[in-house]
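Notes follow the structure.
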Amino acid sequence: ARDTFAPLTQLRRLELAQCNIIDIAPLAFSELHHLETLSLKGNRIAALEKNAFWGLTKLAALDLGHNRIQRLSHAAFNGLTRLEILQL
């Protein structure tokens, strides 16, 4: 849900590796304005939809390695203006 991480607005690093996540709701991380590193490595994510990471304006590193990504929206990474490292 969109408000799952709402109370964690100062969070800078989030590790969700190997949690059997199968999808990411649009705007799921939108309240994490200070997040710099996000790891979703080793899950079962098959698709990344539009605005999957919207709001993560300070995100510099995103790890999506070892997932099952088969479909990638052209707008999945909208708003990631500071992204330096993307692992697929």
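Heads up: the sequence shown is residues 20 to 107, going by the working numbering.
For each residue, glycine too, the CB sits at the ideal point set by N, CA and C.
Measuring alpha carbon to alpha carbon, tell me which residue in the options is nearest residue i.
| i | options | result |
| --- | --- | --- |
| arginine 90 | Ser58, Arg63 and Glu103 | Arg63 |
| glycine 74 | Ala47, Gly84 and Ala66 | Ala47 |
| leucine 54 | Ala36, Thr100, Ile40 and Leu78 | Leu78 |
Just verifying my parser: in three-state terms, what is the DSSP assignment at residue i?
| i | result |
| --- | --- |
| leucine 107 | coil |
| leucine 30 | coil |
| leucine 78 | coil |
| alanine 15 | Since the first and last residues shown for the chain are 20 and 107, residue 15 lies out of range. |
| arginine 87 | coil |
| threonine 100 | coil |
Taking buried to mean at least 16 other C-beta atoms within 10 Å of its own C-beta, is residue i buried or exposed?
| i | result |
| --- | --- |
| isoleucine 2 | Residue 2 is absent from the model: the chain starts at 20 and stops at 107. |
| alanine 65 | exposed |
CA-CA distance, residue i and residue j?
| i | j | result |
| --- | --- | --- |
| glycine 98 | leucine 30 | 18 Å |
| alanine 71 | histidine 52 | 14 Å |
| histidine 85 | leucine 107 | 7 Å |
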